[in-house]
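Okay, so here's the structure we're looking at.
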Amino acid sequence: MSKLFDAWRKYWFTPAPLLDLAVARITIVGFQLWWIARPPYHGALLARTELSDALYDPLPILHALVAPVGWSYRPGAEVLEVVLILTVAAGALGLIGLFTNAALLVFALGCAFLQSFLYSFGDFHHPEAVLILALGLLALSPSGGALSVDDLRRRFRRAREAGRFLDFDLKRAESAFAGWPLKVTGWVFVLIYASGAYFKLRNAGIDWANGYTLSYRMMEDALRWDIPLGAWLSAHHVLMVGLSWMSLVFEATFALAMLVPITRWVFVPLGASFHLGIYFTMGATFQGYVAAYSVFVPWRAGLERLARRFGRPERRPVVLYDAACPLCVRSVTFLRYWDWLERLKLKPLQEVGQEEDLDPDALRREMHVVFPDGSVERGFFGFRRLLRELPPLWWLRPIFHLPGASSLGPRIYASMARRRRRILCDGEGCAVHDS
Amino acid sequence: MPGFSDRLGRWIVSVVILVVLAVQAIAALALTPGPVEKPPFLWPFLNYPMYSAPHYEGEGIPRFEVVATTSDGREIEVTKENLGTDFWIFRNAFLLPFEQQGMRDELEPGVGLFERRHGVSVVEVRLEDRPLVLTRDGTEDGPSEVRGVARRTSPDGPWEWEVSP
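Order-wise, the sequence lines are chains D and X. Per this note's numbering, the first sequence starts with residue 2, numbered consecutively. Per this note's numbering, the second sequence starts with residue 2, numbered consecutively.
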């Protein structure tokens, strides 16, 4: 029995990368947030409020969610709009990772409430179910343990408590609770696909792959949603037979993606193509599955590979910072947070030797960056040039090169540097600095 | 050696894992009994039987048209657009009642919605089908037929159904 417990603990609770869990959080929450924030979603909610009570048949989960105000309570337009706004706000917090777990719990419940309301008029569909389940699992996990405002604040706080910059590598952060939500979501996918294969084989046997079955469904949906591509493809019998077999084999063998992880290199791209294909040919909105496939991707391993290939250069830009100033420590913590390819060297100015020919007063006034070509950039311009080395922050580069940025940026930087001395450096570290 | 909170966390998470996977497995293979059998009962835990029925060469792919006859004798096509709703609500209200006897009560609220939107009184609803027939080389037009008619003698009267098998 203890062997069974050990195996269980080893499978579900072996320390796993927080980065993988965080990327899954961002893709799943990002997709779901986009989905519910679209105007058609809002429109669908409002349209249902106009339907008569005779059509209203709440799902059990909706009964449970509205139970505090009455078991058979039917929410009106105002209530739905308030819930939608709160859910979107919670999703935005969950996406950036601020108060992550609480935000995700509200987001998951809000999405379940809204979607179950949409499905309480005699009709329901499948695309959202796995995403709602995954959101619930993410809410119960340390999914804000990386790539989140929460994590960044935690690192700031630890550095402040330690009174110095604490170096780290985001990719190496692990938790015993980081693997299970990804694995459970993966197994839910296995059960979903197994269900699809089971019903096809039970109801049709291998006749399901006769080509006419898929042709019928594709043409039916193409007519319903006015999709010319689906209508055109459905007329190609041999292609329909091939795609039918592929779908059946894919669904029946998807468990391999969990049991033999290397097969994910086949299953994940195939599944993504499969779901995008049925969207473009049949209008079936399973794109969310593609976002949820992020649970199968070894993001950390991929980043490690990228770091080996493009990062860790022999001669790196050296960021000289004032180790005695909390704001400076916070700034380099921020830089290291996005330095996934390990392209920066962070060095306290207190360790700068006289042979480096840098003015100590200037070093204390603003951050200096010494680039491998020997050039030195200061303050705003140093930060702007550093962005080249930090792919996750590349989106900031156009903003930092907008017209006027070269004159406005240094002023903002100088203003922050002044505040640093006055407000932020009144602790022990800054006492040293000011003296 | 993990601390108490760590061990408690693992126990709680283990229960969550077991419940999620067990309920999903039960739903996926439709192993649920009695009133739970209706798939959305356990939503978001679902089974996935869609598109599982087989089809063969020579079968017709339905192309439905719903026509409402008003009390003043006018005929108006009912579409999801002029009903102001999506396809699924339209299907439940106007297509499924002709296919499933258990769904016939859904016609009345659908007709009511149509009447309110158009300021008319409907006395007859007719479902016509202009199918496409499956062939190895694609589809071809099949013969049109009236699949069913629901009519009532007065605006508030009961519906009488004539449905072709």
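Beta carbons: idealized from backbone N, C-alpha and C, even for Gly. Note that the structure is predicted; figures quoted are calculated from it, not measured.
Query: Please name the residues in the stretch 11-32 of chain X whose beta-carbon is closer than 9 Å to at least one beta-carbon of chain D, in chain order.; Result: R11, I13, V14, S15, V17, I18, V21, L22, Q25, A26, A28, A29, L30 and A31
Query: Taking the straight line between their C-alpha atoms, what separation do you get for D/Y280 and D/W209?; Result: 20 Å
Query: For a contact defined as C-beta to C-beta under 7 Å, what are the partners of D/H205 on chain X?; Result: Here the sequence assigns Ala to residue 205 of chain D, which means His is not the residue at that position. By Cβ distance, chain X contributes S53, A54 and P55.
Query: One question on the structure: do D/N102 and X/Y57 come within less than 8 Å of each other, judged by their Cβ atoms?; Result: no
Query: Leaving out five residues before and five after D/E82 in sequence, what residues of the same chain have Cβ atoms less than 7 Å from its Cβ?; Result: none
Query: So which of D/K172, D/L136 and D/L138 has the shortest CA-CA distance to D/D152?; Result: D/K172
Query: Are any of the Cβ atoms in chain X nearer than 8 Å to that of D/M220?; Result: yes
Query: Hey, would you say D/L46 sits closer than 8 Å to D/F125, going by beta carbons?; Result: no
Query: With a threshold of 8 Å on Cβ separation, who are the neighbours of X/V134 within its own chain once the five nearest residues in sequence on each side are excluded?; Result: G59, E60, G61, I62, T140, E141, D142 and G143
Query: Give the residues of chain X in contact with D/T214, contact being defined as C-beta atoms less than 7 Å apart.; Result: P55 and H56
Query: Could you give the C-beta distance for X/E125 and X/V150, rounded to a whole number, given that I count them as a contact under 8 Å?; Result: 6 Å
Query: By the DSSP assignment, the beta strand (DSSP E) with D/Y322 in it spans what residues?; Result: V319 to Y322
Query: For the stretch 297-317 of chain D against the stretch 37-54 of chain D, do three or more pairs of beta-carbon atoms, one drawn from each stretch, fall closer than 8 Å, so that the two count as touching?; Result: no
Query: Can the beta-carbon of D/W181 be found closer than 8 Å to that of X/I13?; Result: no
Query: Any beta-carbon of chain X closer than 8 Å to the one on D/P361?; Result: no
Query: Once the 5 residues before and after D/G146 are set aside, which same chain residues still bring their CB inside 8 Å of it?; Result: L19, L22, A23, D152, A174, S176 and A179
Query: To which residues of the same chain is D/L364 closer than 7 Å at the C-beta, ignoring the five residues directly before and after it?; Result: L321, L350 and V353
Query: Flag this pair as yes or no: are the beta carbons of X/W160 and X/L108 separated by less than 8 Å?; Result: yes
Query: Along chain D, in chain order, which residues have C-beta atoms closer than 7 Å to that of X/G139?; Result: A236
Query: Within this structure, are the beta carbons of D/M283 and D/M368 separated by less than 8 Å?; Result: no
Query: So D/V319 and D/A160 are supposed to be a Cβ contact under 8 Å. How far apart are they, rounded?; Result: D/V319 to D/A160, Cβ: 19 Å. No contact.
Query: If you run the structure through DSSP and keep just helix, strand and coil, what is D/A177?; Result: coil
Query: State the Cα-Cα distance for the pair X/S165 and D/A293, rounded to the nearest angstrom.; Result: 45 Å
Query: Applying a beta-carbon distance threshold of less than 8 Å, which residues of chain X neighbour D/A130?; Result: W44, P45, F46 and L47
Query: To the nearest whole angstrom, what separates the beta carbons of D/I29 and D/S416, a pair I think is in contact under 8 Å?; Result: With a Cβ gap of about 39 Å, D/I29 and D/S416 do not count as contacting.
Query: Run the CB neighbour count on D/W226, radius 10 Å, all protein chains shown included, and call it buried at 16 or more, exposed below.; Result: exposed
Query: I need the boundaries of the beta strand (DSSP E) containing D/V67, first residue and last residue.; Result: Taken as a continuous stretch (DSSP letters only), D/V67 belongs to no beta strand (DSSP E), being part of the alpha helix (DSSP H) at P61 to V67.
Query: Which stretch, first to last residue, makes up the alpha helix (DSSP H) that contains D/W266?; Result: R265 to M283
Query: I'd like to know if X/F91 contacts chain D, where contact means its C-beta is closer than 8 Å to some C-beta of that chain.; Result: no
Query: Closest to D/V185 by CA distance: which of X/S15, X/P98 and X/T136 is it?; Result: X/S15
Query: By alpha-carbon positions, which one of D/F100, D/E252, D/Q116 and D/G95 ends up nearest to D/P76?; Result: D/Q116
Query: Quick one: any contact between the stretch 86-102 of chain X and the stretch 25-32 of chain X, if contact means 3 or more CB pairs under 8 Å?; Result: no
Query: Pull up the CB-CB distance for X/L53 and D/F200, whole angstroms please, since I reckon it's below 8 Å.; Result: Checking the sequence, you will find Ser at residue 53 of chain X rather than Leu. That pair is a contact at about 4 Å.
Query: Between which two residues does the beta strand (DSSP E) carrying X/D1 extend?; Result: Any question about residue 1 of chain X goes unanswered here, given that chain X covers just 2 to 166.
Query: Rounded to whole angstroms, what is the Cα-Cα separation between X/R8 and D/G231?; Result: 53 Å
Query: If you draw a straight line from the alpha carbon of D/F6 to that of D/W13, how long is it in whole angstroms?; Result: 11 Å
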